[in-house]
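Working notes, structure below.
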Amino acid sequence: MTVGDIAALIAAIALCVLVALLAVPLLKLSRVLDEARLTVRDVGHNSVPILQELKGTVVATNEELAKLSLVTDDVSKASGHATVVTENAAQMSTLFAATLGGPLVKTAAFSYGIRKAFQGRKKK
């Protein structure tokens with residue numbers, strides 16, 4: 422055997438040792454990747470029922486929001502009607518004050534003056 426053959430034999434043995442040393446971490450890595458694959462598959466299988474339940478919840482929530490929208494529209498209409506009634510009452514109050522307020526005050530002042538006049542005569 423020549424020096425080149427011995428060097429090649431040492432290199433081959435070193436390569437075999439290197440492959441043996443790297444095989445253990447690679448095997449462990451393959452187990453980790455298998456577990457990760459199984460975990461991802463389980464998450465996929467378990468998330469489907471959760472997503473279906475979530476879809477049902479979203480549909481029910483949308484139905485309730487539609488009902489709430491109807492109620493809000495009705496409240497808005499009622500508020501508009503209440504505003505109209507309030508404006509009409511204010512206008513009626515203004516009309517009453519304008520038509521009856523002046524004469525009513527004059528009548529009250531006149532009757533007060535007559536009472537004072539009669540009370541003044543009775544004292545004398």
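Mapping of the sequence shown onto my numbering: position 23 corresponds to residue 444, and the numbering continues sequentially without gaps. Ideal Cβ placement from N, Cα and C applies to all residues, glycine included.
Between which two residues does the alpha helix (DSSP H) harbouring Ala457 extend?
Locating residue 457 in the sequence shown gives position 36, counting from the first residue. Start and end: 424–517.
CA-CA distance, Thr507 and Ser514?
As a position in the sequence shown, residue 507 is number 86, starting the count at 1. As a position in the sequence shown, residue 514 is number 93, starting the count at 1. About 10 Å.
Who are the Cβ neighbours of Tyr533 in its own chain at under 8 Å, not counting the five residues just before and after it?
Taking the sequence shown and counting its residues from 1, the one referred to as residue 533 is at position 112. The answer is none, since no qualifying residue turns up.
Is there at least one Cβ from chain D nearer than 8 Å to Val506's Cβ?
Of the protein chains in the structure, only one exists, and it is not chain D.
Can you list, in chain order, the residues of its chain with a C-beta nearer than 8 Å to that of Leu439? Leave out the 5 residues immediately preceding and following it.
To locate residue 439, count along the sequence shown from 1; it is residue 18. Contacts found: none.
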